[in-house]
Amino acid sequence: MQRIEEKWQKEWERARIFEADADPSRPKIFVTFPYPYVNGDGHLGHLYSQIHAEIYARYKRMKGYNVLFPQGFHATGQPIVAAARRIREGDPKYIRILKQYGFSDEEIPEFGDPKKWIKTFSERWKSALHKMGFSIDWRRSFHTTELNPPYDKFVRWQYNKLKEKGLVVKGSHPVVWCPVEEIPIGDHDRQDEFAGIGPEEVVVIKFRMDDGTVIPTGTYRPETVYGVTNIWIHPDVEYVIAEVDGERWIISEWGAEHLKEQQHDVKIVGRVKGEELVGKYVKNPVTGDSVPILPATFVDPDVATGIVMSVPAHAPYDWIALEDLKKDEETLEKYGIKEIVQKIEPISLIGVEGYSEFPAKDAVEKYGVKSQKDVEALEKATEEIYKKEFYTGKLKGLYGEFAGRTVQEVKDEMIERFKDMGAATTMWVTPVPIIDRAGHKCLVKIVENQWFLKYSDEKWKEKARETLETTRFDPEPDARRAVEHTIEWLHDWACTRDVRSSLGTKLPWDDSQYIESLSDSTIYMAYYTIAHYLQNAEKYGIDVEKIDDAFFDYVFYGKGDAEDIAKKVGTTKDVMEAMRREFEYWYPVDLRSTGKDLLQNHVTFSIFHHAAIFPNKHIRRWTANGWVLLNGEKMSKSKGNSITIIQAQEQWGADATRFAEAYAGNLTLEDANFETEIAEQMVEELPRWKDFIAQWYGKGIDEYRDIDRWFESRVNRIIKMVDEEYEALNTRNIVNAAWFEFWRVVRYYLRRTMNGPNKEVFSNALEDWVKIMAPVTPHIAEEIWHEVFGKDSFVSVEKFPKVDESKIDERMEKMEEFVQRTVDDIREVMKLAKVEEPERVVIMLADQWKYDAFRKVREMLENGVRNVGQLMEAIPAEHRKDVAKLLSSAVKNPKRIPEVIGTREEEKEALEQAREFMEAELGVKIEIVEDYDHPKRKNALPFKPAILVE
RNA sequence: GCGGGGGUGGCCGAGCGGUCGAAGGCGUCGGACUUAAGAUCCGAUGGGCGUAGGCCCUGCGCGGGUUCGACUCCCGCCCCCCGCACCA
Numbered sequence: 001m002q003r004i005e006e007k008w009q010k011e012w013e014r015a016r017i018f019e020a021d022a023d024p025s026r027p028k029i030f031v032t033f034p035y036p037y038v039n040g041d042g043h044l045g046h047l048y049s050q051i052h053a054e055i056y057a058r059y060k061r062m063k064g065y066n067v068l069f070p071q072g073f074h075a076t077g078q079p080i081v082a083a084a085r086r087i088r089e090g091d092p093k094y095i096r097i098l099k100q101y102g103f104s105d106e107e108i109p110e111f112g113d114p115k116k117w118i119k120t121f122s123e124r125w126k127s128a129l130h131k132m133g134f135s136i137d138w139r140r141s142f143h144t145t146e147l148n149p150p151y152d153k154f155v156r157w158q159y160n161k162l163k164e165k166g167l168v169v170k171g172s173h174p175v176v177w178c179p180v181e182e183i184p185i186g187d188h189d190r191q192d193e194f195a196g197i198g199p200e201e202v203v204v205i206k207f208r209m210d211d212g213t214v215i216p217t218g219t220y221r222p223e224t225v226y227g228v229t230n231i232w233i234h235p236d237v238e239y240v241i242a243e244v245d246g247e248r249w250i251i252s253e254w255g256a257e258h259l260k261e262q263q264h265d266v267k268i269v270g271r272v273k274g275e276e277l278v279g280k281y282v283k284n285p286v287t288g289d290s291v292p293i294l295p296a297t298f299v300d301p302d303v304a305t306g307i308v309m310s311v312p313a314h315a316p317y318d319w320i321a322l323e324d325l326k327k328d329e330e331t332l333e334k335y336g337i338k339e340i341v342q343k344i345e346p347i348s349l350i351g352v353e354g355y356s357e358f359p360a361k362d363a364v365e366k367y368g369v370k371s372q373k374d375v376e377a378l379e380k381a382t383e384e385i386y387k388k389e390f391y392t393g394k395l396k397g398l399y400g401e402f403a404g405r406t407v408q409e410v411k412d413e414m415i416e417r418f419k420d421m422g423a424a425t426t427m428w429v430t431p432v433p434i435i436d437r438a439g440h441k442c443l444v445k446i447v448e449n450q451w452f453l454k455y456s457d458e459k460w461k462e463k464a465r466e467t468l469e470t471t472r473f474d475p476e477p478d479a480r481r482a483v484e485h486t487i488e489w490l491h492d493w494a495c496t497r498d499v500r501s502s503l504g505t506k507l508p509w510d511d512s513q514y515i516e517s518l519s520d521s522t523i524y525m526a527y528y529t530i531a532h533y534l535q536n537a538e539k540y541g542i543d544v545e546k547i548d549d550a551f552f553d554y555v556f557y558g559k560g561d562a563e564d565i566a567k568k569v570g571t572t573k574d575v576m577e578a579m580r581r582e583f584e585y586w587y588p589v590d591l592r593s594t595g596k597d598l599l600q601n602h603v604t605f606s607i608f609h610h611a612a613i614f615p616n617k618h619i620r621r622w623t624a625n626g627w628v629l630l631n632g633e634k635m636s637k638s639k640g641n642s643i644t645i646i647q648a649q650e651q652w653g654a655d656a657t658r659f660a661e662a663y664a665g666n667l668t669l670e671d672a673n674f675e676t677e678i679a680e681q682m683v684e685e686l687p688r689w690k691d692f693i694a695q696w697y698g699k700g701i702d703e704y705r706d707i708d709r710w711f712e713s714r715v716n717r718i719i720k721m722v723d724e725e726y727e728a729l730n731t732r733n734i735v736n737a738a739w740f741e742f743w744r745v746v747r748y749y750l751r752r753t754m755n756g757p758n759k760e761v762f763s764n765a766l767e768d769w770v771k772i773m774a775p776v777t778p779h780i781a782e783e784i785w786h787e788v789f790g791k792d793s794f795v796s797v798e799k800f801p802k803v804d805e806s807k808i809d810e811r812m813e814k815m816e817e818f819v820q821r822t823v824d825d826i827r828e829v830m831k832l833a834k835v836e837e838p839e840r841v842v843i844m845l846a847d848q849w850k851y852d853a854f855r856k857v858r859e860m861l862e863n864g865v866r867n868v869g870q871l872m873e874a875i876p877a878e879h880r881k882d883v884a885k886l887l888s889s890a891v892k893n894p895k896r897i898p899e900v901i902g903t904r905e906e907e908k909e910a911l912e913q914a915r916e917f918m919e920a921e922l923g924v925k926i927e928i929v930e931d932y933d934h935p936k937r938k939n940a941l942p943f944k945p946a947i948l949v950e
């Protein structure tokens with residue numbers, strides 16, 4: 001198979017049938033899928049989204065469209081840069097990954113350069129898709145980042161446009177930051193266990209000592225400030241005394257470092273050990289209560305301010321710390337705080353159904369927390385209490401105006417209130433200190449030269465919403481809903497990254513920043529329309545250096561003079577005009593196939609950017625598919641059940657893999673399932689398909705019988721259905737009909753005609769069969785087309801079969817069903833009738849009067865009549881008695897009355913025609929009689945003859 | 001929690017108010033073919049009963065409801081997957 005596949009790939013390439021140029025005389029279709037990120041090989045999951053675009057491209061090509069299907073590659077962002085650095089540093093994990101790909105020890109060091117990754121993996125991707133038979137116009141391929149100057153220029157143009165429109169704005173933004181290297185630390189720069197942790201905003205309640213010194217306590221639950229009984233401080237930790245924005249604070253050193261990076265003016269003026277503060281009192285800035293500072297070892301100086309407030313009634317940590325302290329005579333003695341501690345009573349703030357007035361106590365008991373060192377149980381207890389209180393708890397009376405409401409409802413309002421009264425501020429922290437790969441402890445910095453895409457802009461949102469009206473989403477309405485919702489809540493997006501940790505296109509007006517990867521890939525499909533010019537610039541005399549915004553203004557907007565611009569970049573007016581034509585002809589994109597995870601970001605971003613830059617040229621149809629499971633299990637490298645596209649191609653070849661991918665699912669947001677057994681099976685079956693067709697093509701007889709009409713009807717019905725499913729991209733339904741159902745019909749037809757098909761009918765059907773399978777399994781289709789049918793053309797660009805509606809013959813199909821059912825019934829009767837070696841089967845048709853009568857009965861039943869008396873009216877008086885029982889059971893179960901399709905004569909004719917077949921099927925002689933004196937005969941109904949085994 | 005999508009037979013998956021004991025595929029079982037195995041073809045495949053094509057029971061996450069009728073509609077619950085942002 002692989003050899004056949006390679007042969008046709010070469011033929012297609014030689015004939016350039018997938019290279020598409022603007023041709024205004026033909027209707028066009030522009031199909032894309034998101035360019036893959038090139039830090040590794042693609043796997044079956046990627047291929048699943050991609051195969052939708054590929055199948056659609058092939059289908060539309062066969063439907064007579066001029067189809068553009070290009071493919072580029074994405075290199076923007078941090079992973080490649082991080083991977084290259086790790087190779088330079090000799091990280092064994094990354095070296096192992098490259099070894100698994102089969103790179104030699106000599107070659108691996110070259111991957112210390114990001115360019116090596118980009119080059120290697122974009123080539124591997126390209127080769128993988130090529131070997132899968134993708135019908136891509138490779139002339140238009142490219143990769144992103146400033147390493148590809150023309151694309152770089154294009155992205156810069158885009159951002160200048162956005163900036164002009166006021167859609168890129170400057171702001172500040174919290175990031176995880178390495179204070180030593182002074183760069184932001186993304187997931188790829190961290191030790192693995194810290195991946196995925198981001199900055200969180202905590203509220204800092206400013207308790208004060210008598211002299212005004214602020215004792216700041218960080219908390220996620222500022223609403224519990226009403227129930228503070230004391231402050232916890234770590235007795236053994238050295239805190240700093242600092243001037244913070246003009247106030248005197250006592251805070252952990254790490255906390256002070258955070259404040260410095262978060263736009264606060266911080267000056268450290270002294271140090272103080274935690275225990276020195278123990279026993280002192282501070283004033284609660286919200287309630288005015290005076291509360292003591294007490295020692296606790298669970299307090300982490302590396303989280304927030306390193307000091308926390310204690311709300312024993314509602315915080316399991318606080319409850320157990322207090323319990324611990326009460327029992328700890330030594331400590332009580334040491335600080336002379338015994339009396340203070342004994343006096344502390346928890347304050348109940350929030351009522352929660354199913355809990356006592358002190359939910360923290362309940363939780364501590366439930367999870368069996370023994371001491372404040374029992375971290376695991378405490379975390380569970382805390383989570384439970386937090387959730388319960390947050391969503392369902394009711395605030396008690398001491399909340400005054402907030403009383404009776406839930407935390408969820410009033411939290412934000414309360415925080416604002418506290419800030420306004422000078423009782424609180426906020427700071428950014430990570431829930432645990434993050435360590436980067438170099439071993440540095442990272443903090444949260446508020447970065448100031450940060451640029452944002454202003455997705456919060458109401459006018460922009462409105463424009464984005466408008467384009468949805470003329471956009472199709474598949475599956476509708478699920479995918480649409482996700483996008484609609486995202487447009488609503490999406491706010492400003494930090495669209496730049498520090499150049500030191502990433503790769504991409506620099507912001508035109510700030511070269512310390514790269515445009516972030518999701519933000520540089522929103523309208524690049526437009527670049528495909530001219531990519532073959534710009535990626536081969538020298539061929540057209542274009543000096544890429546000279547390309548500026550005016551160049552793109554002309555190509556995309558038709559602004560300016562082609563002659564002038566041509567001169568400036570060193571090419572001709574013709575070339576400029578040709579590029580303009582390409583864009584005008586191909587844009588907008590007609591179909592873009594993605595995974596469901598992209599709906600909330602890439603898809604929505606792309607919609608926004610099109611609305612801003614290419615109004616009315618937005619993408620016309622988006623598809624979103626689910627993940628791909630492998631044999632019902634999630635695919636993952638760690639499980640070792642991940643299969644790359646290259647591996648699949650080597651193991652099963654392109655067509656079998658494509659078939660199994662198509663069969664993996666329809667176009668829904670649900671997960672699809674790639675079954676390796678299907679791929680394996682198709683490896684066997686596809687060549688057999690060719691043999692089968694070779695065996696029958698051009699064979700058969702000339703006579704045209706009813707059964708041939710039946711066959712044509714079935715085939716046309718399948719073509720119709722397959723055509724619709726291709727347009728809908730329900731790939732599983734396509735395969736179900738075009739392959740499995742077609743096989744069934746073909747097999748039955750041959751059996752039914754005793755291997756004597758109508759030559760013309762059957763051969764035409766075989767050709768149609770190959771065509772309707774071609775978008776899914778193009779190689780074997782091409783092979784059959786040439787080698788079996790002896791055609792000169794490529795089936796890949798042949799006309800898709802057109803349904804002949806006049807050939808769809810409902811009645812003929814029903815008549816054949818009648819024959820089939822009769823066979824089934826005979827088989828059943830033969831099984832039950834214990835007649836040894838039956839001599840013959842007699843089929844007795846119903847009496848003539850029954851045809852009219854039961855047609856009427858059936859009609860009445862279909863119209864909802866459930867009254868025996870009424871049904872009886874349809875029966876001639878003299879026969880009523882005989883059918884009374886039947887009619888009364890038909891009222892309960894209308895199925896008992898068969899549908900009357902034809903006349904008695906037609907029934908007889910159909911059975912006679914099928915007699916030879918039936919005898920062969922059943923291995924018994926069959927006689928069809930109209931008159932036969934046997935009691936069973938009165939059981940006969942129209943389309944349900946009586947059967948007698950003798 | 002919010003937003004999106006789901007839970008169907010041994011497995012995968014259709015169905016989304018009657019025609020459903022549930023398409024199709026896989027698997028399993030029986031038969032044909034074959035020296036044999038494989039492949040292929042035919043049949044069966046929830047349980048039970050049946051010397052005549054039939055009947056009974058049970059059934060599409062759980063519990064209710066609407067309806068003459070629910071896998072399909074409504075309500076409540078349980079469980080699973082995805083996203084929740086600066087990561088591609």
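Residue numbers for the first sequence follow this note's numbering, beginning at 1 and rising by one.
Built from N, CA and C at the ideal position, the CB exists for glycine as well.
Being a predicted model, the structure only gives us computed values, none of them experimental.
Going by beta carbons, residue 844 and residue 929 fall inside the 7 Å limit. Burial is judged here by how many other beta carbons sit within 10 angstroms of a residue's own beta carbon; residue 27 has fewer than 16 and is exposed.
Taking the CA atoms as reference points, residue 344 sits about 11 Å from residue 310. Taking the Cα of residue 917 as reference, the smallest distance to any Cα among 300, 545, 753 is reached at 753. Taking 7 Å as the cut-off, the beta carbon of residue 784 is found closer than this to the beta carbon of residue 693. At a Cβ-Cβ threshold of 7 Å, residue 423 and residue 603 do not count as neighbours. The residues 871, 874, 875, 887, 890, 897, in chain order, have a CB closer than 8 Å to that of residue 857 in the same chain once the five nearest residues on each side in sequence are set aside. Cβ-Cβ distances below 7 Å link residue 944 to 898 in the same chain, with the five nearest sequence neighbours on each side left out; the list follows chain order. Residue environment: residue 658 is assigned as buried (16 or more neighbouring CB atoms within 10 Å of its CB, all protein chains considered). Residue range 621-625 is occupied by the beta strand (DSSP E) that includes residue 624.
Residue 293 is positioned such that its CB atom lies closer than 7 Å to that of residue 277.
Secondary structure at residue 869: helix, using DSSP grouped into helix, strand and coil. Nearest to residue 653 by alpha-carbon distance, out of 631, 679, 630, is 679.
Cβ-Cβ distances below 8 Å link residue 290 to 281, 282, 283, 284 in the same chain, with the five nearest sequence neighbours on each side left out; the list follows chain order. For residue 929, the uninterrupted beta strand (DSSP E) run begins and ends at 925-929, by DSSP. In the three-state reduction of the DSSP assignment, residue 876 falls in the coil class, being assigned neither a helical nor a strand state. A straight-line Cα-Cα distance of about 28 Å links residue 838 and residue 747. The three-state secondary structure of residue 126, taken from DSSP, is helix.
One Cα belongs to residue 685, the other to residue 95, and the distance between them is close to 40 Å. If you draw a straight line from the Cα of residue 203 to the Cα of residue 303, it comes to about 12 Å. For residue 216, the three-state secondary structure derived from DSSP is strand. Looking from the CA of residue 288, the closest CA among 81, 690, 228 belongs to 228. Per the DSSP secondary-structure output, residue 450 pairs in a beta bridge with 171.
Taking residue 936 as reference, the option from 927, 925, 926, 948 with the minimal CA-CA separation is 948. Apart from the 5 residues on each side of it in sequence, residue 850 sits with its Cβ closer than 7 Å to the Cβ of 941, 942 in its chain, given in chain order.
The Cβ neighbour count for residue 421, taken over all protein chains shown within 10 Å, is under 16; the residue is labelled exposed. The DSSP-derived three-state label of residue 247 is strand. By the C-beta criterion, the stretch 529-536 is judged to be in contact with the stretch 581-588, since at least 3 inter-stretch pairs fall below 8 Å.
Only residues of its own chain outside the window of five on either side were considered, and among them 292 have a CB closer than 6 Å to the CB of residue 340, listed in chain order.
By the neighbour-count criterion, in which a residue is buried when 16 or more other Cβ atoms sit within 10 angstroms of its Cβ, residue 90 is exposed.
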